[in-house]
Amino acid sequence: MSTDDSTPDADPSPSDRDNFIYDIIDQDLEEDTYGDRVVTRFPPEPNGYLHIGHAKSIVLNFGIKHDYADRAETTCHLRFDDTNPDTESPEYVQSIKDAVQWLGYDWEEHEYYASDYFEQFYQYAITLIKQGDAYVDSLDEEEIREYRGSVDEPGTPSPYRDRSVEENLELFRKMKAGEFDDGEHVLRAKIDMSSPHMIMRDPLLFRIKHAHHYRQGDDWCLYPMYDYAHPLEDAIEDITHSLCTLEFDNNRRVYDWVMEHCLEEDELPSRPRQYEFNRLNLDYTVMSKRRLRHLVEEDYVDGWDDPRLPTIAGLKRRGIPPSAVRSFCRSVGVTRSQSRVQMSHFEHALRDDLNDRAPRVMAVLDPLKVVVTNLDEGEVEWLEANHWPRDIDKDETREVPFTRKLYIERDDFRMDPPEDFTRLAPGREVRLLNGYFFTCEEVIEEDGEVVELRGTIDPETRGGSSPDGRRDTSPEGSIHWVSASHGVPFEARVYDRLFDAPNPRAGDGEFTDHLNPDSLSVRNGLLEPAAEQPDATRYQFIREGYYWTDPDDSTDDHLVFNQIVPLRDTWGDTDSSLSREQIEERRREKEQEKQEHRQRSLEGKTDPVDLLSDEQRARVEHYHETLDVKRESAATIAGDDALADFFDTALDTYDAPSAVANWIVNELRAELKDRSVNALPFDGAQFANLVQLVDTDELTGRGARTVFDEMLENGGDPDAIVDAHDLRQVDDTEALDGVVTDVLTDNPDKVERYRDGKTGLLGFFMGQVMDATNGSANPEVARELLQERLDE
RNA sequence: UGCCCAGUAGCUCAAUCGGCAGAGCGUCCGGCUCUGGACCGGGAGGCUGAUGGUUCGAAUCCAUCCUGGGCAGCCA
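Written out as structure tokens, the structure reads:
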């Protein structure tokens, strides 16, 4: 019986490799950005317990270490980001280590503490001050907030912003030496108090805190801020890919600033870079440290390892295998779009993992007595039963005692069964799994409650299979049972969602208002003797769910089993399992919503010209009226003075305003991003030459983009690039005909599918022709040829 | 209101340089002479948030808008 949890190396993963972060790493490896190093890190602050959301990050970071081990030098650091002495403690450090280890990961010797870098943070700050990039500010907390401005008002510089380097150095030294009280001074980066990005309005680098640090003691009274410390931690450890969650997106600006101002020029090309991915949001639970702590401290749950909690400790105690957590984390998707993951998704991952690892046994949770009248008292028949269903490639068996008195699940009997009920009812026959067919002949009631069923078994059906003659009359239902004399009493703890709202944080009121009062229900059941040994085996209680013994509360005298996950999705209508009508309804709602969006987006439209200054409008006028450039394009170009000048220059070389404008708006701007046109390695005249080549059909649009890429990279004369790569457009029908023939004969199956009606494949064929000709085929001619040949 | 991010099947996500819109879950149907559920097979399900533009060709590039989220800690 396998009880071990497979190691991460054994996780099947090829399909999970394709998220955007893996794409970035692939590209860095290809471009040799970091040589063959891939170094990631998991950087928790030791101020709380880890939860399933952290597991996603751990699996991502350590998963990269495993997934790239065959291609690169991979490491994943465990780094405690302990820069705030107020909240951190060694207990949390230990619990974090336990959690990472439990998940199956090994950081080897790479265990680091941000607090070990305090001296380096200090030295870098001195460098910044000397460069004039940081200053000591003596405003108090409230003033700093006021001076920062707001999202729609620029900030104002602090009166201390222009202190001399010497004064700053001296003040900063005194700050470190403990000559000031908390909050008297701070060190700030000198960036831009009027930046539209709030984060760049001179972010704080250091604050004074006379506090005891759990590792550094009282050595420091100067503590770095996250935005300053984090990039440096990454740089010190030579991290290559620094992965964090989406809410740090804004912080990346400071991250990059710190890198660029603290590191040496030659270190910059291979500096760490930050990428943000979506955090895990699981329905029907809460994930924030604050709320988890509240649940624990106010005794809503039974400690940090309460099996209803999404903490790693809770998952562990509940019996969820680490391999299941890993596969779940790999399946949820690492993207940049915020998302909520349904509980059914998580449970599916658990069942999927448990299915071929958990031996089947029978346990009755809510017992109803059954007497087999054609069996003698005291008679025990030991039946052989397989631990595994047919489709699992294992066959281990155990002996199950069959006796006159049995217990079945109360739910499996109905006095007045509905139409589709296939289990027991008066006069009905059912299969007792691994045992016999049993017919209920008598129902004994006390005070209106059914207390006992009596009936007979068909001795021909031993082992639960029917003799050939009875094949057609086999009962439809199969139920589980346990011998009354041999069954072992046990306590079953059945868990349900902790909250009854998908997002307990949403809406008014306290999140604890949404607690589900039935999140734990305790049952006193009966277990077949084969499962009695309280080891760490995870069992499937047939037709009930996966269970294991509670590691803390279960004893030889009093067995306690935790439900890991039920077999059936119990999340019902509130979750993903909507009925057809509900899905239909949802679809109608969505359609209607879309209509409303459309209406609103049409109403909200503004003329881009309205967004311009008077001067710029005059330019639009000129471009649009005189030069006949499309109004929107004219506005786009006129809205950026440098771009407009570039446009004017280009027109001096090639006077085709519409063509040049189109290229500027649609192609050049796409590449420009934050850059100004003045920073490009080519000028307006060269750009105009390129446009002319396309406009006069010397080049195809696709060929032109190849040339353009080259120009962006190295500058240069478009004509020369065209010649060097032999990109001139081919219009010659005969030459193209050969290419078309080749493409069609190379893809007979696709041709067939096209002729069967999958006309979208024309794009595929076009792509093939363009590839084959290095983008130089005249697309109109090629398309015509293809169409002609395909429609034959 | 400034800046940033995202929007693809009911849900979670894919879609390489702009070139066939796919997968898993859920749902429905069927299979498994021992699980109503696990497992296996199949079907249905799309105006890629909207409108315009660029292109032979747009989910992908450009513009404007719509919707949702993040940012104004001396937290991380």
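Residue numbering for the first sequence follows my numbering, starting at 1341 and increasing by one per position.
Where a beta carbon is used, it is the ideal one built from N, C-alpha and C, also for glycine.
Beta-carbon gap between residue i and residue j smaller than 8 Å
i, j, result
"Tyr1776", "Ile1748", "no"
"Val1505", "Lys1470", "yes"
"Ala1454", "Glu1573", "yes"
"Asn1843", "Asp1623", "yes"
"Trp1728", "Pro1758", "no"
"Thr1625", "Phe1839", "yes"
"Ala1824", "Leu1746", "yes"
"Glu1577", "His1394", "no"
"Trp1522", "Ile1548", "Inspection of the sequence shows that residue 1522 is occupied by Asp rather than by Trp. Yes, the pair counts as a contact, with Cβ atoms nearer than the cut-off."
"Asp1706", "Arg1883", "no"
"Arg2095", "Leu2130", "yes"
"Leu1603", "Arg1613", "no"
Where residue i falls: helix, strand or coil (DSSP)
i, result
"Trp1722", "strand"
"Cys1561", "coil"
"Ala1517", "helix"
"Lys1470", "helix"
"Gly1495", "coil"
"Arg1928", "helix"
"Lys1405", "helix"
"Ile1548", "strand"
"Asp1913", "Confidence is the limiting factor: at Asp1913 the pLDDT is only 37, short of 50, which leaves the residue's position unreliable and the question unanswerable from this model."
"Glu1785", "strand"
"Tyr1879", "strand"
"Gly1849", "coil"
"Leu1603", "coil"
"Gln1614", "strand"
"Glu1769", "strand"
"Asp1567", "helix"
"Gly1865", "strand"
Other residues of its chain near residue i: CB distance less than 6 Å, five sequence neighbours each side excluded
i, result
"Asp1645", "Ala1653, Gly1654 and Arg1657"
"Thr1914", "Here Thr1914 scores only 41 on pLDDT, less than 50, and its place in the model should not be relied on; the value that follows carries that caveat. Within the same chain, Thr1914 has no close Cβ partners at all."
"Thr1414", "Val1378, Lys1405 and Tyr1408"
"Ala1990", "Val2000, Gly2024, Phe2027 and Ala2028"
Paired residues, beta bridge with residue i - DSSP
i, result
"Ser1823", "Leu1746"
"Pro1906", "Gly1885"
"Gly1393", "Partner(s): none; Gly1393 has no beta bridge."
"Phe1420", "Tyr1453"
"Ala1329", "Only positions 1341 to 2132 of the chain appear in this structure, which leaves residue 1329 out of reach."
"Tyr1835", "Leu1860"
"Gly1979", "BP columns for Gly1979 are empty, so no partner."
"Phe1901", "Ala1832 and Thr1889"
"Thr1796", "Thr1779"
"Thr1427", "For Thr1427, which the question treats as bridged, DSSP gives no partner whatsoever."
"Glu1739", "Glu1724"
From the options, residue whose alpha carbon lies closest to that of residue i
i, options, result
"Arg1691", "Asp2072, Ser1973, Asp1376 and Val1905", "Val1905"
"Ala1841", "Arg1833, Tyr1835, Gly1849 and His1854", "His1854"
"Asp1892", "Phe1901, Glu1884 and Tyr1886", "Phe1901"
"His1553", "Pro1425, His1450 and Arg1631", "Pro1425"
"Met1565", "Pro1612, Tyr1462, His1601 and Val1665", "Tyr1462"
"Met1755", "Arg1768, Leu1838, Leu1746 and Asn2006", "Arg1768"
"Phe1512", "His1391, Asp1363 and Arg1528", "Arg1528"
"Pro1766", "Phe1753, Asn1774 and Asp1760", "Phe1753"
"Arg2009", "Pro1997, Lys1629, Asp1992 and Thr1976", "Thr1976"
"Asp1480", "Glu1507, Phe1520 and Trp1442", "Phe1520"
"Gln1367", "Glu1868, His1581 and Gly1659", "His1581"
"Asp1642", "Ser1859, Ser1973 and Ala2019", "Ser1859"
Residues of its chain near residue i, where Cβ-Cβ distance is below 7 Å and the 5 sequence neighbours each way are ignored
i, result
"Ser1916", "Bear in mind that a pLDDT of 45 at Ser1916, under 50, signals an unreliable position, so the number given afterwards is only what the model happens to contain. Taken in chain order, the residues that qualify are Gln1682 and Ser1684."
"Ala2044", "Leu2030, Leu2033 and Val2034"
"Lys1516", "Tyr1462 and Leu1562"
"Val2017", "Ala1982, Leu1983 and Phe1986"
"Arg1738", "Ala1725, His1727 and Ala1870"
"Glu2151", "With the chain covering only 1341 through 2132, there is no way to say anything about residue 2151."
Close Cβ partners of residue i (< 8 Å) along its chain, the five nearest in sequence each way excluded
i, result
"Tyr1432", "Pro1386, Asn1387, Gly1388 and Tyr1389"
"Tyr1994", "Val2000, Ala2028, Asn2029, Val2031, Gln2032 and Asp2035"
"Thr1496", "Tyr1487, Gly1489 and Met1533"
"Pro1609", "Thr1373"
"Arg1503", "Tyr1475, Val1476 and Leu1511"
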